[in-house]
Every structure is written in C-alpha cells, then in structure tokens.
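To convert, note that position 5 of the sequence shown is 5 in full-length UniProt numbering; the numbers rise steadily by one, no gaps.
Ideal Cβ placement from N, Cα and C applies to all residues, glycine included.
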Amino acid sequence: MKELQHLNKYFLKYKTKLTLGILITIIARIFLLYTPRYVRKIFIVVENYLDGNITKEVIKSELLEIILYIIGAAIIGAILTFFMRQYIINISRYIEYDLKNEVYAQYQKLSLNFYKKNRTGDLMNRISEDVGRVRMYVGPAIMYSINTVTLFIISIIYMYNEAPLLTMYTVIPLPILSVAIYKLSKEIHNRSTIVQQYLSKLSTYTQESFSGISVIKAYGIEPQTSKSFENLAEESKNKQVSLAKVQAWFFPMMVLLIGTSNLLVIYVGGMQYINGQIESLGTIAEFIIYVNMLTWPVATVGWVTSIVQQAEASQKRINEFLKIEPEIKNNVQEQTEVSGDIVFKDVTFTYDDTNIQALKGISFDIKNGETLAILGKTGSGKSTILDLIGRLYDIDSGSITINKLSIEKHNLTNLRDSIGYVPQDAFLFSDTIKNNIKFGKENATDDEVIEAAKNAQVHKNIIKFNNGYDTVLGERGITLSGGQKQRVSIARAIIKTPKILLFDDCLSAVDTETEEKILKTLNKITAQKTSVIVSHRVSSAKNADKIIVLEDGKIVQQGTHESLINEEGYYKHLYLKQLSENTSD
C-alpha cells in the first residue's frame, strides 16, 4: 500500500464528498440489514398464530405491517445506494482525471533524454491502462470495502445479540478466508506487475508498427511483423491466464466457505431450537439471510484484494515516472528579455543515451538581426546547436549566453516562446492544416494563417485541396508530401513572429526553384530577426551573414560565402559539386 499513498492528496481534495459518500454507504447498509430482523418477526407472528395466541385478523395486520416495513427499508436502502454510487464512483472519475493530468504534465516537463530512453507505447500504457486500474481502487474497491466492513460489523452485532453460540459457529470459516486471501493477494501482486509490463510491450509494438506501416508494406514484411506480434500476444496471454488462474480460486473458495456457514447455521441452530436454547425458528431464518447477505461482500473481498494489488502495481509504475526530476528546469520565474544576441563559448556537449560527444569546444557569436548558416556532414553536430539554443539540453561545459545573460538564467517558457523552430523531421498533428499552422500562434486570424502559408510557398498547394485550409491531415501529416509538410512547418514557425528563427535543414524536400522563392521571402521576414539555418545546400547558406562548417563536433571553417568559396575545404568542395549538379540539370 506504500505506492498508493501518492493518492492521499486527492482523497484530501475530495474529502467532503468522500466522507458524505461513506456516511451514506453505512446508513444504506443499516436499512438493508433490517430485512432479516423483520423476517424473524414474521416467523414469530406465524408461530404465535399456530399456537393460538393471536387471531387471523391480528396476524394479517401484523404481517402487513412487517411487509410494509421491509418494503420501506428496501426502498430507502436502494435510494441511499444510488447516492452512494453517485458520490464514491464519481470521485474515482475525478481522481482519474486529476491523475491523468498530473502524469501528462510530468511528461511535458521531462527532457528529450527521457523520451529517447522510454518507448511511446509504454508511456501511453501508464497514462491509460495503469491509471484505469488505479481508478478501480479509488472507486469500486473503496465502496465495496466500506460495504463489507459495515455489513460485517452490524451483522455480527445483531447475530451475537440474538444467539452468541450460533454466531461463533457461523463465523468459524472467516479466519480461514482471511489467511487464504492474504496468501493469494501476494501472488496476485507479483503476477499483476508482469501483466502490466507485457501490456506496455504490446502497446509499444503496435504503436511502432502502425507508425511505420509504410515501411512494413514497402518491404513486404507483413507476415514477419504479424508473427512477431502473435508471439508477443501469446506471451501476454499466458501471463494473463497465469494471473486469472490465481484469481479463479477466490469465488469457489467463497462459495465453499459461505456454504459451510449455512450448513453450520442449519445444524447448530436446529439443535439449539430442539434443545430450547433459541425460542424461534425465525432466528435460524434470520441467520441464514445474514450469512447469504454476507456472501457477495465476502466474495468481493477477494475481488477487492485483487484490485488493490493491481492498483498498487500500476501506481508503482506511474510513480516511477512521477518521481523523475526533469533535467531541464526553469530556474527563473520572472520574465526575461530575449533578443538575438547569441554567444557560444567553448561549448562541449555529450548525449547521455549514446555517450557520443556531439560538440567539442564550439565558439561563435550571432548579433541581433544576423543570419548564421551551419553546414557539415551528417552527425557533425549541426542540429545539436539548435537544440542547445532552445535549451532542450544543458551543456557539459562552456557557456551559452543570450542578451549577455546565461541561458540557464532565462525564463524557460519565455525563451522558447521567443523561438520559432522548424525541425528536420516536420511533425504535423492529426488536425486541420489551419490548426497546424495556428499551433505557432493560437489566436492567429485566418488572414495571418494565409499570409504565413504564402510566405512559406504552400498556399497554392493548400487551396487545391477540396477543403482547403480545413483539410484534416492524417497521422503525422501523412496526407501531405514531404515538401508540403516542411513548408507548413515553416509557416507554423514564422506566424508567431519570434525573435529567433531556427531552421534545421527544413528545405531538403523541396525543389531548387521553390527553395529560392522561400529563401527570398525568409530574407525579408528575418531582416530584423536572428536566424540560424542548418543545411546541406550551399544555396540555403550563401546569403547568410556568417557561415560555419562543422566536422566531428568542431568548427573547421567559418566566414562568409565569398570568403569560403575561395578557401580550400569542405564548403568550396560542396559548392562546386552542387554547382555542377545544377548545371547538368
């Protein structure tokens, strides 16, 4: 139960409704427990009539009165039960909502390193399946536990007051039940943890398969992926069956023990009636009803125990992520000014997940309003520089300053709001094209959306769709071509009019003519903004104020386009190569 203590703050949040729900539950059980006592009275009335102590008119009157009491108690109990569920079950839904929001907010805070080390399917499983199992503990488990405890306490008190010795015989099976539940619950806990792990594996595999379905179909490996999924599903099924086998012991055990209690009531009660130790057969009937009323609560003990064990296993998995401290923290709460004066000084950075040193003593500066172009071979560290400007990672050594203020001393939200970032892999959401562009500026008008699309040279493509800007894209923007996705991504970045624009090889999927048009427009838009362009094309870099060439995480060349084409090295070689390719075309 240690892991479930995390939920205490939510119980305190809803303590008034929860307390009221508990009180209603107790009162509802009390009313429902009137039935066995009135049944005993019916037997007493009938026995008095058979003994000639009362007339037919009196028995009719007394029986009618007792029946009305039973009906009234049942109606009141039913109404209270309705409100009991409304309070306690609703609270479980509120807590589920709060817990999902807490997990999602934590996911948002965690750094990119976290997402490199954990799979999407597992993250989704923890916020859906695991939280759902926790909700079952918060709602049904608590409700049925209160029911069971209330029924046991009140029933045993009533029974003991009527026939102490008969009560003792009736409850003999209960300690056996408690020990059996304790033993089984430990095994359920272990197997539930394994089941949840396999559910995460299944979610991860299916998520990756669906995301990469085009690759699977292109390579014709549907049979292999289906076989792999079948094997994983088979393992998951075996673990589920293993858990079900343990859980299956509960119900037969309950039936056996309750049946034993009924037999004891009938035998011991019958012997006591014969010996005159109890006055009426109604007492035996009352006890049988009590025992059978306890059948479902006793049966739910096993079910509730199973729920609690599964919830604890799930909450433990949730807590593992909730306890992770974000690597990138917002150290400053007040707003900080961000402009384009960026200085890298002896910056070194190593990726934790691969232990690859991406940058080695990088130094450069960009004045406000200038454009810096970064070129280099794949893996030279180009994209890493953009990630560090947005503080998606913290550096190992050296310093990065913006406006002469260390990047760690800038308000993180303010810093990222001031940056327009176009990633190399243009990610678009399963929403309309308009909303994907407005993602950069939620309150943007339709005119602003269209203007941004025109500047990104994608407006003419969009209006050709049947629904224009209201066209709903497939997952990850699959409806669009690679070049169209990149241009929509550019429109999303420039619509927010940021102080700093970062372009990570975002024109690689467009043709040279379209690239030239986009660059001309961007030159006008970025005239007063600081821009950093990562590219493999000289055409994207030639108009930049500064150009640096990276190799193995180090700057090997820097200067302007004119100076670098007259200097032997990577830039001149790339320029001549691309020039000859364009000429041959």
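- Task: Can you check DSSP and say which residues form a bridge with Ile342?
- Result: Ile366 and Ile402
- Item | Start and end residues, alpha helix (DSSP H) containing Ser539 | Val538 to Ala541
- If we ignore side chains and look at the alpha-carbon of each, how far apart do Tyr469 and Thr512 end up? 25 Å
- Message: Rounded to the nearest angstrom, what separates Asp552 and Leu359 at their Cα positions?
- Response: 8 Å
- Query: Taking all protein chains shown into account, do 16 or more other C-beta atoms lie within 10 angstroms of the C-beta of Pro164, making it buried, or fewer, making it exposed?
  - Reply: exposed
- Item | For Phe349: DSSP bridge partner residues | Leu359
- Query: Using CA coordinates, which residue listed in Lys201, Gly398, Trp303 and Phe364 is at the minimum distance from Ala248?
  - Reply: Trp303
- For the putative contact between Leu501 and Ser531, defined by C-beta atoms under 8 Å, what is the C-beta separation to the nearest angstrom? 4 Å
- Message: What does the Cβ neighbour count give for Thr354, buried or exposed, with the cut at 16 atoms within 10 Å?
- Response: exposed
- Task: Might you give, ordered along the chain, the residues of its own chain that have their beta carbon closer than 7 Å to the beta carbon of Gln486, omitting 5 neighbours on each side?
- Result: Ala426, Cys506, Leu507, Ala509 and Val510
- Query: Helix, strand or coil: how does DSSP classify Tyr421 here?
  - Reply: strand
- Query: The beta strand (DSSP E) with Thr371 in it runs from where to where?
  - Reply: Thr371 to Gly376
- Message: Quick check on DSSP: helix, strand or coil for Asp504?
- Response: strand
- Task: Count the other C-beta atoms from every protein chain shown that fall within 10 angstroms of the C-beta of Tyr575, then say buried if there are 16 or more, exposed otherwise.
- Result: buried
- Boundaries of the alpha helix (DSSP H) in which Glu235 is found, first to last residue: Glu222 to Gln247
- Query: Tell me which same chain residues have a C-beta within less than 7 Å of the C-beta of Lys377, skipping the five on either side of it?
  - Reply: Glu551
- Query: By Cβ distance, which residues of its chain are closer than 8 Å to Pro297, with the 5 residues on each side in sequence left out?
  - Reply: Tyr144, Asn147, Thr148, Leu151 and Phe152
- Is the Cβ-Cβ distance between Asn414 and Thr336 less than 8 Å? yes
- CB Ala541 to CB Ser535, shorter than 8 Å? yes
- Query: Would DSSP call Glu286 helix, strand or coil?
  - Reply: helix
- Alpha-carbon to alpha-carbon, Gln106 and Ile324: 9 Å
- Item | Touch test, the stretch 106-120 against the stretch 30-42, Cβ-Cβ under 8 Å, three pairs minimum | no
- Taking the alpha-carbon positions, what's the Thr193 to Arg126 distance? 12 Å
- Query: Under 7 Å from any heavy atom of the ligand FMN, does the C-beta of Leu4 make it?
  - Reply: The model on display carries no ligand, and the ligand FMN is accordingly not part of it.
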